[in-house]
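Following numbering that gives the first Met the number 0, the numbering of the sequence shown begins with 0 at its first residue and continues without gaps. Here a beta-carbon is modelled for each residue, glycine too, at the ideal position from N, C-alpha and C. What follows is a set of notes on a single structure, which appears directly below.
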Amino acid sequence: MKKIQIFLLLLGVLSLQSCNEEYKEDEVNSIDKNASIETELSVKHIDSADVLITKHKIWKNNKLFKEIIKTDTIPSLGDTLVSGENKEGYDQTAKTKKDYEFYITVQ
């Protein structure tokens, strides 16, 4: 049962990080801090590369036992064009960085 809870927690966190929408349907409101690992993955876009940020919080007996943060430089996927409306309601096209998709396997 614990593996399923961890998987769902990771899936929720990744869903939030992988999209730029304001609506957070899968947002986790509380974490079982008695015995769990909370993981957050994100990608920060810099000029010619991206930085993958991995954060783990290890919870035991309702206390933060340890926090692990790792960063890795990964290749940028380049730019893409997105279109939408600006503040005045006019259609506008802008360049933005392409985002990586996250796929997680929990064993």
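Who are residue i's beta bridge partners in DSSP?
{"i": "Thr79", "result": "Thr95"}
{"i": "Val42", "result": "Leu51"}
{"i": "Glu37", "result": "Lys56"}
{"i": "Thr104", "result": "Its beta-bridge partners do not exist; DSSP assigns none."}
{"i": "Glu84", "result": "Asp90"}
{"i": "Asp71", "result": "Leu51"}
Could you give the distance in angstroms between the alpha-carbon of residue i and the alpha-carbon of residue j?
{"i": "Trp58", "j": "Glu39", "result": "14 Å"}
{"i": "Gln106", "j": "Ile36", "result": "13 Å"}
{"i": "Asn33", "j": "Ile68", "result": "21 Å"}
{"i": "Glu87", "j": "Ala93", "result": "15 Å"}
{"i": "Glu26", "j": "Tyr89", "result": "32 Å"}
{"i": "Ile30", "j": "Asn60", "result": "12 Å"}
{"i": "Val28", "j": "Lys62", "result": "The amino acid at residue 28 is misidentified as Val; the sequence shows Asn. Distance between the alpha carbons of Asn28 and Lys62: 17 Å."}
Going by the CB atoms, is the gap between residue j and residue i shorter than 8 Å?
{"i": "Thr79", "j": "Val50", "result": "no"}
{"i": "Thr70", "j": "Ile52", "result": "yes"}
{"i": "Val81", "j": "Thr104", "result": "no"}
Can you tell which of the options has the C-alpha that lies nearest to the C-alpha of residue i?
{"i": "Lys65", "options": "Ser75, Lys43 and Lys54", "result": "Lys54"}
{"i": "Gly83", "options": "Gln91, Ile67 and Leu76", "result": "Gln91"}
{"i": "Lys43", "options": "Leu76, Lys62, Leu63 and Lys86", "result": "Leu76"}
{"i": "Tyr102", "options": "Ser41, Val81 and Asn61", "result": "Ser41"}
{"i": "Asp98", "options": "Ile30, Asp31 and Ala48", "result": "Ala48"}
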